[in-house]
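Residue numbers (this note's numbering): 71 to 143.
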């Protein structure tokens with residue numbers, strides 16, 4: 071069952087595959103934050119989303135079955 075917190079409302083497994091690939095994870099993360107209206111988080115992902123946040127995304131996607139949310143601003 072798809073969660074609202076996955077990329078674009080896709081199934082968890084599809085979101086996990088997108089999160090494993092660094093460029094798609096970075097792009098989807100930025101787009102998702104802008105859609106949520108979290109502009110500060112989107113800007114942070116532009117500069118830091120390809121390293122530490124990418125690893126945290128993978129860990130949280132596997133353990134919690136949802137995308138990691140660093141900032142709720």
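Each residue gets a CB set at the ideal place from its N, CA and C atoms; glycine is no exception.
If you're wondering where the values come from, they're calculated on a predicted model, not measured in any experiment.
Taking 8 Å as the limit between beta carbons, can you name the residues of its chain near residue 103, skipping five residues before and five after?
109, 111, 112 and 115
Can you tell me whether residue 125 is buried or exposed? The criterion is at least 16 other CB atoms within 10 Å of its CB, across all chains shown.
exposed
Do residue 119 and residue 100 have their CB atoms nearer than 8 Å?
Result yes, Cβ atoms of residue 119 and residue 100 sit closer than 8 Å.
Rounded separation between residue 87 and residue 105 - CA only:
21 Å
Going along the chain, which unbroken runs of the alpha helix (DSSP H) with 4 or more residues stay wholly within the region 80 to 126?
82 to 90, 92 to 105 and 109 to 118
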